[in-house]
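Novice:
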Amino acid sequence: MSGIGVISKRELLAYFSTPLAYVFIVIFLALSGSLTFFMGSFFDRGQADLNSFFSFHPWLYLFLIPAVAMRLWAEERKTGTIELLLTLPIADWQVVVGKFLAAWLFIAISLVLTFPLWITVNWLGQPDNGVILASYIGSFIMAGGYLAIGSCLSALTKNQVIAFILSAVVCFLFLMSGVEIVQAFFQPWAPNYILDAVNSLSFLTHFNGIIRGVIDFRDVVYFASIIGVFLYVNAIIINLKKGS
Amino acid sequence: MANNITISLDGLTKRFDSFTAVNNISFSLGKGEVLGFLGPNGAGKSTTMKMLTGYLPITQGRASICGYDVVSSPLSAQERIGYLPEGAPLYGDMSSIEFLRFVAEVRGFRGAERNQKVENAVSKLELGSVINKPIETLSKGFKRRVGFAQAILHDPDVLILDEPTDGLDPNQKHQVRSLIMEMAPDKAIVISTHLLEEVSAVCSRAIIISNGNLVFDGTPKDFAKLGPLDEAFRELTSEKSIKKRSNKKRSIKTRPKKENR
Numbered sequence: 436m437s438g439i440g441v442i443s444k445r446e447l448l449a450y451f452s453t454p455l456a457y458v459f460i461v462i463f464l465a466l467s468g469s470l471t472f473f474m475g476s477f478f479d480r481g482q483a484d485l486n487s488f489f490s491f492h493p494w495l496y497l498f499l500i501p502a503v504a505m506r507l508w509a510e511e512r513k514t515g516t517i518e519l520l521l522t523l524p525i526a527d528w529q530v531v532v533g534k535f536l537a538a539w540l541f542i543a544i545s546l547v548l549t550f551p552l553w554i555t556v557n558w559l560g561q562p563d564n565g566v567i568l569a570s571y572i573g574s575f576i577m578a579g580g581y582l583a584i585g586s587c588l589s590a591l592t593k594n595q596v597i598a599f600i601l602s603a604v605v606c607f608l609f610l611m612s613g614v615e616i617v618q619a620f621f622q623p624w625a626p627n628y629i630l631d632a633v634n635s636l637s638f639l640t641h642f643n644g645i646i647r648g649v650i651d652f653r654d655v656v657y658f659a660s661i662i663g664v665f666l667y668v669n670a671i672i673i674n675l676k677k678g679s
Numbered sequence: 285m286a287n288n289i290t291i292s293l294d295g296l297t298k299r300f301d302s303f304t305a306v307n308n309i310s311f312s313l314g315k316g317e318v319l320g321f322l323g324p325n326g327a328g329k330s331t332t333m334k335m336l337t338g339y340l341p342i343t344q345g346r347a348s349i350c351g352y353d354v355v356s357s358p359l360s361a362q363e364r365i366g367y368l369p370e371g372a373p374l375y376g377d378m379s380s381i382e383f384l385r386f387v388a389e390v391r392g393f394r395g396a397e398r399n400q401k402v403e404n405a406v407s408k409l410e411l412g413s414v415i416n417k418p419i420e421t422l423s424k425g426f427k428r429r430v431g432f433a434q435a436i437l438h439d440p441d442v443l444i445l446d447e448p449t450d451g452l453d454p455n456q457k458h459q460v461r462s463l464i465m466e467m468a469p470d471k472a473i474v475i476s477t478h479l480l481e482e483v484s485a486v487c488s489r490a491i492i493i494s495n496g497n498l499v500f501d502g503t504p505k506d507f508a509k510l511g512p513l514d515e516a517f518r519e520l521t522s523e524k525s526i527k528k529r530s531n532k533k534r535s536i537k538t539r540p541k542k543e544n545r
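Here it is, written out as structure tokens:
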């Protein structure tokens with residue numbers, strides 16, 4: 436267990452040793468804030484909740500999280516430090532989990548820094564803070580799903596830009612499978628179980644359940660399995676790519 | 285040497301698809317021996333080292349470090365190895381001290397013990413003046429020394445150094461070599477190199493591989509007997525000579541010392 440902690444600590448410090456971390460946090464805060472107020476018409480809705488804040492998260496994460504995840508393995512492979520890391524007496528899966536947790540913690544820090552919105556809405560009215568808390572947790576878990584995909588695909592290449600684009604594309608597919616247009620495409624011809632399968636694969640479907648204030652066990656299981664499966668594949672890819 | 289074998293390779297083979305990078309290499313190495321691992325570029329030196337350190341999977345054969353099989357108990361083997369990969373890759377964004385502390389922590393040292401280990405390595409390699417600078421700003425010689433410090437930090441029984449002096453100036457080369465000699469008595473050390481004079485300078489034993497095959501195993505003196513180093517090397521690693529020898533069953537494999545082919 437302690438090995439994972441050591442890896443996470445190094446990885447998290449590496450984020451803050453480059454401007455990337457600060458740029459990410461500023462962009463995340465600026466975008467999530469302005470989307471809430473302008474696109475989400477926070478004031479016009481006249482409701483004391485943070486729905487207009489959270490409903491943009493799946494779209495924000497679509498390109499922000501691949502940006503966080505892209506360096507996890509691609510950089511390691513490019514500089515050759517992966518050889519150093521994997522010949523230290525620590526199991527590969529511990530390195531995979533350690534790196535993932537560091538990036539996840541970094542997202543958690545960014546999410547926590549959106550607290551002024553929460554203060555604002557509490558100052559303006561009496562929101563249901565239980566729903567807000569559930570939404571924060573849901574958003575955090577969903578971020579884990581995006582991140583696992585990003586980390587996995589980052590191991591495929593030495594090039595961070597390619598890693599970014601690949602994971603943005605795959606995340607996009609996971610996101611879009613729940614959108615009405617895509618559903619409408621399948622509706623006329625596909626049997627119901629395919630329709631359901633496509634729909635239930637989507638981040639959107641599961642996240643929308645959570646921001647209504649209900650943390651459904653099935654939604655949590657869904658994101659947990661996404662994280663588990665992609666980290667498992669991540670470890671496999673690293674093993675396969677060692678020779679090249 | 286036979287009583288304290290620390291590195292042992294038995295029929296080690298690595299194939300990438302149809303290409304055989306390392307072909308059926310066997311040798312063992314005891315404490316106090318410094319093995320010069322020679323061969324032209326692409327001969328399979330690095331691949332062999334990567335299999336020994338548990339980085340690359342082994343296609344065929346076995347390898348063990350201090351009795352621990354590198355495949356079935358990789359972590360126990362890795363705990364006993366200090367490894368300097370080719371080109372000494374390091375985390376450029378960390379300072380030397382941060383980096384060495386990180387490696388010490390991954391190796392399971394905490395608190396005072398960790399600081400003690402790092403301090404030892406730092407003083408051995410005279411890194412004191414650059415300890416707080418980001419690694420990416422250091423000169424090549426210092427980078428190599430940081431890589432070295434990382435490898436000897438936990439005082440391992442086995443040191444595997446992939447081209448430790450490559451790209452260093454003569455002074456730095458000398459420094460690295462004297463460091464290796466200093467550590468030699470109580471460790472088994474494998475150095476890969478394509479510098480022939482390095483072998484006579486630091487090694488107690490030389491192994492030459494070419495196209496993945498072991499073509500010479502003996503002391504540097506035996507090697508010198510074959511004629512001028514350059515010519516002997518070219519002769520041993522030329523295509524013709526390999527073919528001839530594979531017909532005759534690898535005959536030039538002398539045991540170090542004793543048998544004098």
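Chains E and B are the protein sequences, given in the same order.
Under this note's numbering, residues 436 to 679 are what the first sequence spells out, in order.
Under this note's numbering, residues 285 to 545 are what the second sequence spells out, in order.
Cβ atoms here follow ideal geometry from the backbone N, Cα and C, with glycine treated the same way.
#1: Only counting the same chain, and skipping five residues up and downstream in sequence, which positions put a Cβ closer than 6 Å to that of B/L546?
#2: Check the Cβ of B/R391 against every Cβ in chain E and list those closer than 8 Å, keeping chain order.
#3: Please name the residue, chosen from E/D484, E/V604, E/A598, E/V441, that lies closest to E/S570 on a Cα-to-Cα basis.
#4: Cα separation between E/I565 and B/R346?
#5: Between E/S467 and E/F491, which are expected to be in contact by the criterion C-beta below 8 Å, what is the C-beta distance as a whole number of angstroms?
#6: Using Cβ-Cβ distances below 7 Å, what residues of the segment 500-518 of chain E are close to chain B?
#7: Return the chain-ordered list of same chain residues with a C-beta closer than 8 Å to the C-beta of E/G533, the five sequence neighbours on each side being excluded.
#8: Does at least one heavy atom of the ligand COA sit under 6 Å from the Cβ of B/S488?
#9: Per DSSP, what kind of secondary structure is E/V566 in: helix, strand or coil?
#10: Under 7 Å between C-beta atoms, does E/K677 make it to chain B?
#11: Determine whether the beta carbon atoms of B/T290 and B/K329 lie at a separation below 7 Å.
#12: First and last residue of the alpha helix (DSSP H) that includes E/K677?
#13: How about the segment 628-647 of chain E and the segment 606-616 of chain E: do they share at least three Cβ pairs that are nearer than 8 Å?
#14: Give me the Cα-Cα distance between E/G573 and B/K427, rounded to the nearest whole angstrom.
#15: Does E/A449 get closer than 7 Å to chain B when you measure Cβ to Cβ?
#16: Is DSSP giving E/Q561 helix, strand or coil here?
#17: Spatial neighbours of E/A543 within its chain, please: CB distance less than 7 Å, with the 5 preceding and 5 following residues excluded, ordered by chain position.
#18: Tell me whether E/K534 sits in a helix, a strand or coil according to DSSP, three-state version.
#19: Do E/S589 and E/A509 have their beta-carbon atoms positioned less than 7 Å apart in this structure?
#20: Following the continuous alpha helix (DSSP H) through E/G440, name the residue where it begins and the one where it ends.
#21: Please compile the residues from chain B whose C-beta is within a distance smaller than 7 Å of the C-beta of E/R445.
#22: Output the boundary residues of the alpha helix (DSSP H) element that contains B/K427.
#23: So if DSSP puts E/R512 in a beta bridge, which residue, or which two residues, is it bridged to?
#24: Quick check: what's the CA-CA separation for B/I473 versus B/G326?
Specialist: Reading from the atomic positions:
#1: Residue 546 of chain B cannot be examined here, being either before or after the span of chain B that is shown, 285 to 545.
#2: L523, P524
#3: E/D484
#4: Per the sequence shown, residue 565 of chain E should be read as Gly rather than Ile. Spanning the two alpha carbons is a distance of roughly 59 Å.
#5: 7 Å
#6: T514, G515, T516, E518
#7: G438, I439, G440, V441, I442, S443, E446
#8: The ligand COA is not part of this structure, which contains no ligands at all.
#9: helix
#10: yes
#11: no
#12: Counting along the chain, E/K677 falls outside any alpha helix (DSSP H), and DSSP gives it neither H nor E.
#13: yes
#14: 44 Å
#15: yes
#16: coil
#17: F575
#18: helix
#19: yes
#20: 437-452
#21: F386
#22: 424-436
#23: Answer is none; E/R512 lacks a bridge partner.
#24: 21 Å
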